[in-house]
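**Student:** Taking the numbering used here, the leading residue of the sequence shown gets 13, the next gets one more, and so forth.
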Amino acid sequence: MRTNPANPVLGEKTLAWIDEEFPSLRSITHLDNSSVGVPPMSAMNAMERYFKGRIWGTTSFHEIVEMFEDVRYLLSELLGGTPSNYALQTSTTDAINAAAHSIPYPPGSNVVICDLEFPANYIPWFNLKSFNDVDVRVVKSRDGMVSLDDFNEAIDNNTRVVSVSHVQFSNGFKIDAKALAKLAHDHDAFVMLDIIQSAGVINFDLEALGVDFAAGQATKYLIGPIGAGYLYVRDAMFDRVKPRYMGWWGVQDMENFEFGERIPYKDARMFQVGSSPIICYQGLRESLKCLLSIPGEARERASMLVANEIRELLEANGISHGNLSPRCRSHVVSIVVPDVDAMHKQLLKQRIYTSVRGGNIRASTHFYNSIGDAKTLVKSIEGF
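(1) Just the Cα atoms here: how many angstroms apart are G239 and A111?
(2) Thinking just about the alpha-carbon of each residue, which of H113, L234, A375, I331 is nearest to the one in P255?
(3) Suppose only complete runs of 4+ residues qualify. What are the alpha helix (DSSP H) ranges in the region 166-241, listed by chain order?
(4) Do the region 169-185 and the region 202-213 touch if we need at least three Cβ pairs shorter than 8 angstroms?
(5) How long is the line joining the alpha carbons of V390 and A28, rounded to whole angstroms?
(6) Please confirm whether P237 and G295 have their CB atoms less than 8 angstroms apart.
(7) Fully enclosed by the region 239-272, which beta strand (DSSP E) runs are 3 residues long or longer?
(8) Grouping DSSP H, G and I as helix and E and B as strand, with all else coil, what is V77?
(9) Which runs of the alpha helix (DSSP H) spanning at least 4 residues fall entirely within the region 81-127, listed in chain order?
(10) Are the Cβ atoms of F202 and R154 separated by less than 8 angstroms?
(11) So, at 8 angstroms on beta carbons, what are the nonlocal neighbours of I235 in its own chain, with the 5 sequence-adjacent residues on each side left out?
(12) So, is G184 buried or exposed, given that buried needs 16 or more other C-beta atoms within 10 angstroms?
(13) Which of the three DSSP states is assigned to H2 in this structure?
(14) Among the residues of its own chain, which have a CB less than 6 angstroms from the CB of R84, if the five just before and after it don't count?
(15) Give me the Cα-Cα distance between G370 and L128, rounded to the nearest whole angstrom.
(16) Where does D106 land, buried or exposed, given buried means 16+ other C-beta within 10 angstroms?
(17) So what's R369 in DSSP terms, helix, strand or just coil?
(18) Bridge partners of S376, per DSSP?
(19) To which residues does DSSP link I393 through a beta bridge?
(20) Does DSSP put D351 in a helix, in a strand, or in coil?
(21) Would you kindly check if the distance between the Cβ of S367 and the Cβ of S397 is under 8 angstroms?
(22) With H, G and I counted as helix, E and B as strand and the rest as coil, what does DSSP make of D145?
(23) Going by beta-carbon coordinates alone, are I393 and I347 separated by less than 8 angstroms?
(24) Would you call the region 267-282 and the region 135-152 in contact, with 3 or more CB pairs under 8 angstroms?
(25) Here's the rule: buried if 16 or more other CB atoms are within 10 angstroms of the residue's CB, otherwise exposed. What is S287?
(26) Does R311 come out as helix, strand or coil in the three-state DSSP assignment?
(27) Can you check whether the CB of L218 is closer than 8 angstroms to the CB of Y244?
(28) Assuming R274 and V263 form a contact by the criterion Cβ under 8 angstroms, report the distance between their Cβ atoms to the nearest whole angstrom.
(29) Thinking N57 and N381 are a contact (beta carbons under 8 angstroms), I'd like their distance in whole angstroms, please.
(30) If I follow the unbroken alpha helix (DSSP H) through M59, where does it start and stop?
(31) Could you tell me the boundaries of the alpha helix (DSSP H) in which K301 lies?
(32) Below 8 angstroms between beta carbons: does that hold for Y293 and L100?
(33) In three-state terms, what does DSSP make of P276?
(34) Thinking C-beta only, is L43 closer than 8 angstroms to S376?
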């Protein structure tokens, strides 16, 4: 069992289940979920079963198709919408590219992003200029934040897309995605929301947020394998976009191998091209089941409890954690230390896992983290 004090948000039964599914947490302090989450044992076991089935020839194609449908259903249960709103993609970058190149861009169009984004959410948009008459407008951040007013100044009637991360990777800044979607829609612009840093840890519904597209991948807060991503497409977009690439996984009657033209799906599956990495989605299916076994509100509260404990302990020791306003804070804490590289190496030696982002130590929590994890981290930083 873990020696660190547990998370009081979760009941004893859930804590015992966490200990069984995530045994590595008995010996490490994993506060680097914004890089990679800790996969559950059930995901590893599912991937192993699939590969053994490949070796012995006991896995059928129809079982694989059913597994993919399960994943799309579970994504809709976790993030909102229906299975028809989800297409399988190998990464956040692939999903953003697929959506970006499906949108029509009249001459003089522009795309609005901000300067806090991870490369997955700006390289595709800058590259778009090679194919279309598109201007990319970059909203400048101030003190690690971007305001809705700043976005409003950048958006006009020629804006086709506003693309932003729900939670920023470097410092955890969280934007009001629903309000931003309204701003964009007032100008008939589409909204792409990068949710890789929020899906699975923040409790939200994509339909309720009103965004047109969302992109993510399994490896962080979905606690799954690298290679299992997804694209969310709002119903109203099905008739307004046209995928640049097509393949046999994106067409109706996909198991009809007779030569001839094919009709694309009329839902998000139109964005699926070829065979997805089956073994990765075998793992993701189990990871999603694990997440859904805990109510979304409880997952978020458990994560925020530990993140806020880190903040309070840092403040008590006179250590700065950035200056994000409380309404913009998330489960990510950016810790200001004098010698960040030396501090990071010291934490690694103690098996306390964090990252260096923006010149600071980035600690990022998930539902399986404990109050003891927060104390272990801050004690190490304070004693350095």
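Yeah, the Cβ is synthetic: ideal placement off N, Cα and C, and Gly gets one too.
**Tutor:** In short:
(1) Residue numbering aside, residue 239 sits at position 227 when the sequence shown is read from its first letter. Residue numbering aside, residue 111 sits at position 99 when the sequence shown is read from its first letter. Take the alpha-carbon of G239 and the one of A111: they are about 18 angstroms apart.
(2) Numbered from 1 along the sequence shown, position 243 holds the residue referred to as residue 255. Minimum Cα-Cα distance from P255 among the listed residues H113, L234, A375, I331 corresponds to H113.
(3) Correct list: 189-197, 218-221.
(4) Judged by pairs of C-beta atoms under 8 angstroms, the region 169-185 touches the region 202-213, as three or more such pairs exist.
(5) Here residue 390 refers to the residue found at position 378 when the sequence shown is read from its first residue. Here residue 28 refers to the residue found at position 16 when the sequence shown is read from its first residue. So the two alpha carbons sit approximately 25 angstroms from each other.
(6) For this step, residue 237 is matched to residue 225 along the sequence shown. For this step, residue 295 is matched to residue 283 along the sequence shown. The Cβ-Cβ distance between P237 and G295 falls below 8 angstroms.
(7) List check, beta strand (DSSP E) in window: 241-245.
(8) Your numbering for residue 77 matches position 65 in the sequence shown. Residue state, collapsed to three classes: helix.
(9) For the region 81-127, whole alpha helix (DSSP H) runs of length 4 or above, ordered along the chain, are 104-112.
(10) As a first step, residue 202 is located in the sequence shown; it is residue number 190 there, counting from the start. As a first step, residue 154 is located in the sequence shown; it is residue number 142 there, counting from the start. Not in contact: F202 and R154 (Cβ atoms no closer than 8 angstroms).
(11) Sequence index remark: in the sequence shown, residue 235 carries index 223 (1-based). Only residues of its own chain outside the window of five on either side were considered, and among them G49, V50, P51, P52, A55, G212, S299, C302, L303, H378 have a CB closer than 8 angstroms to the CB of I235, listed in chain order.
(12) Residue 184 sits at position 172 when you count from the first residue of the sequence shown. By the 10 Å Cβ count, G184 comes out buried.
(13) Limits of the chain in this structure are 13 at one end and 396 at the other, which puts residue 2 out of reach.
(14) In the sequence shown, the residue the question calls residue 84 occupies position 72. Hits under 6 angstroms: P95, Y98.
(15) Indexing the sequence shown from 1 puts residue 370 at position 358. Indexing the sequence shown from 1 puts residue 128 at position 116. Roughly 10 angstroms between the two C-alpha positions.
(16) The sequence position of residue 106 within the sequence shown is 94, counting from 1. Within 10 angstroms of the beta-carbon of D106 lie 16 or more other beta-carbons, which makes it buried.
(17) The count along the sequence shown starts at 1 and reaches residue 369 at position 357. Strand at R369.
(18) Counting from 1 along the sequence shown, the entry for residue 376 is found at position 364. Among the bridge pairs identified by DSSP, S376 is matched with D44, V344.
(19) Residue 393 sits at position 381 when you count from the first residue of the sequence shown. In the DSSP secondary-structure assignment, I393 is not bridged to any residue.
(20) Locating residue 351 in the sequence shown gives position 339, counting from the first residue. In this structure, DSSP gives D351 a state outside helix and strand, which the three-state scheme calls coil.
(21) Absent from the structure is residue 397, since the part of the chain shown begins at 13 and ends at 396.
(22) Here residue 145 refers to the residue found at position 133 of the sequence shown. D145: coil per DSSP, three-state reduction.
(23) As a position in the sequence shown, residue 393 is number 381, starting the count at 1. As a position in the sequence shown, residue 347 is number 335, starting the count at 1. Yes.
(24) Judged by Cβ distances under 8 angstroms, the region 267-282 makes no contact with the region 135-152, as fewer than three pairs qualify.
(25) The residue labelled residue 287 in the question sits at position 275 within the sequence shown. Exposed, because fewer than 16 other Cβ atoms sit within 10 Å of the Cβ of S287.
(26) In the sequence shown, the residue the question calls residue 311 occupies position 299. Per DSSP, reduced to three states, the secondary structure at R311 is helical.
(27) Reading the sequence shown from its first residue, position 232 is the one you call residue 244. Reading the sequence shown from its first residue, position 206 is the one you call residue 218. At a Cβ-Cβ threshold of 8 angstroms, Y244 and L218 count as neighbours.
(28) To locate residue 274, count along the sequence shown from 1; it is residue 262. To locate residue 263, count along the sequence shown from 1; it is residue 251. That pair is a contact at about 4 angstroms.
(29) Position 45 of the sequence shown, counted from the first residue, corresponds to residue 57. Position 369 of the sequence shown, counted from the first residue, corresponds to residue 381. With a beta-carbon spacing of about 23 angstroms, N57 and N381 fall beyond the 8 angstroms limit used to define contacts.
(30) Walking along the sequence shown from the start, residue 59 turns up at place 47. Counted as a single uninterrupted DSSP element, the alpha helix (DSSP H) harbouring M59 occupies residues 53-68.
(31) Here residue 301 refers to the residue found at position 289 of the sequence shown. Going by DSSP, K301 is part of the alpha helix (DSSP H) stretching over 290-304.
(32) Working through the sequence shown from its first residue, we reach residue 293 at position 281. Working through the sequence shown from its first residue, we reach residue 100 at position 88. Between Y293 and L100, the C-beta gap is smaller than 8 angstroms, which places the two residues in contact.
(33) Counting from one through the sequence shown, the residue named residue 276 turns up at place 264. P276: strand per DSSP, three-state reduction.
(34) Locating residue 376 in the sequence shown gives position 364, counting from the first residue. Locating residue 43 in the sequence shown gives position 31, counting from the first residue. Yes, these two residues count as a Cβ contact at 8 angstroms.
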